Amino acid sequence: MQGFSVRTGSRTEFIDITSEVQQAVSASGLQEGLCMVFVPHTTAGVTINENADPSVMNDLRMELNKVVPFEDGYTHLEGNSAAHLKSSMVGCSCMVPVEGGRLALGTWQGVYFCEFDGPRTRKVWVTCR
Ligand code: ZN
Numbered sequence: 070m071q072g073f074s075v076r077t078g079s080r081t082e083f084i085d086i087t088s089e090v091q092q093a094v095s096a097s098g099l100q101e102g103l104c105m106v107f108v109p110h111t112t113a114g115v116t117i118n119e120n121a122d123p124s125v126m127n128d129l130r131m132e133l134n135k136v137v138p139f140e141d142g143y144t145h146l147e148g149n150s151a152a153h154l155k156s157s158m159v160g161c162s163c164m165v166p167v168e169g170g171r172l173a174l175g176t177w178q179g180v181y182f183c184e185f186d187g188p189r190t191r192k193v194w195v196t197c198r
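Its first residue numbered 70, the sequence shown is counted upward by one per residue in this note's numbering.
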C-alpha cells in the first residue's frame with residue numbers, strides 16, 4: 070500500500086490529489102487493475118469531479134455547506150458534526166481503473182481530497198491491485 074500526506078489550509082476545502090495518486094500507481098508498478106484511494110478520517114473524504122473549471126468544486130463546497138450547516142443543534146460534543154455528516158455524504162474511498170500504468174480518468178476528471186474540518190495534516194492510502 071502506498072500513501073501520502075495532505076496539508077489542508079481551511080475548514081472546508083477540496084484539494085486535487087490526482088498527481089499524487091498517479092505517483093502511487095506508478096510506484097506500485099501496476100499496469101492493469103484497480104486503484105483504490107482511501108481516506109482514514111471521519112471528517113474528510115475523497116471524490117472525483119471536474120478539474121478543468123475550479124468553480125465546480127467551489128459550487129460543491131458552497132452547496133454542501135448549505136445542506137449541512139456548521140451549527141444546527143447537533144448533539145456531538147466535539148462540535149464538528151457537520152464535518153462528520155459531510156464525510157459520510159461524500160464517502161471515504163473511491164476506485165479508479167488503471168490502464169497501461171495510468172489512472173483511466175475521464176478528460177475532465179480529477180481526484181479530490183475533501184477537507185471538512187481543517188486545517189489539518191491528513192493521510193491518503195492508495196491500494197493498487
Ligand atoms: Zn467529532
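We put the CB at the ideal spot given by N, CA and C, even for glycine. Bear in mind that the values here come from a model prediction, so they are computed numbers and not experimental data.
### Query
For the ligand ZN, is there a heavy atom less than 7 Å away from the beta-carbon of residue 118?
Judged by the Cβ position, residue 118 fails to qualify as a neighbour of the ligand ZN at the 7 Å threshold, every heavy atom of the ligand being at least this far.
#### Entry: Own chain residues within Cβ distance below 7 Å of residue 189, not counting five before or after
So the list reads 77, once near-sequence residues are dropped.
### Reduced DSSP category for residue 130 - H, G, I as helix; E, B as strand; rest coil
Residue state, collapsed to three classes: helix.
### Message
I need the straight-line Cα distance from residue 198 to residue 79, nearest angstrom please.
### Response
Put simply, the backbone Cα of residue 198 is about 33 Å away from that of residue 79.
### Query
Taking residue 179 as the reference, which of 186, 168, 84 has the closest Cα?
Nearest option by C-alpha distance: 84.
### Query
Is residue 145 near the ligand ZN, going by C-beta to nearest heavy atom under 7 Å?
Annotation for residue 145 indicates a beta carbon within 7 Å of some heavy atom of the ligand ZN.
### Task
State yes or no: is the C-beta of residue 77 nearer than 7 Å to some heavy atom of the ligand ZN?
Outside the cutoff, so no.
### Query
Any chance the CB of residue 153 is under 7 Å from a heavy atom of the ligand ZN?
Yes; taking the cut-off as 7 Å, the Cβ of residue 153 has a heavy atom of the ligand ZN nearer than that.
### Task
Using the DSSP secondary-structure output, state which residues sit across from residue 100 in a beta bridge.
According to DSSP, residue 100 bridges with nothing at all.
### Query
Looking only at DSSP bridge pairs, what is residue 117 linked to?
Residue 117 has 180 as its beta-bridge partners, per DSSP.
### Message
Taking 7 Å as the cut-off, is the C-beta of residue 149 nearer than that to any heavy atom in the ligand ZN?
### Response
Answer for residue 149: yes, Cβ within range of the ligand ZN.
### Query
Mind checking whether the beta-carbon of residue 190 lies closer than 7 Å to any heavy atom of the ligand ZN?
No; taking the cut-off as 7 Å, the Cβ of residue 190 has no heavy atom of the ligand ZN nearer than that.
### Task
Could you pull out every residue in the same chain whose Cβ sits closer than 6 Å to the Cβ of residue 177, ignoring the five residues on either side in sequence?
Closer than 6 Å at the Cβ level, and outside the excluded window around residue 177, lie 119, 121.
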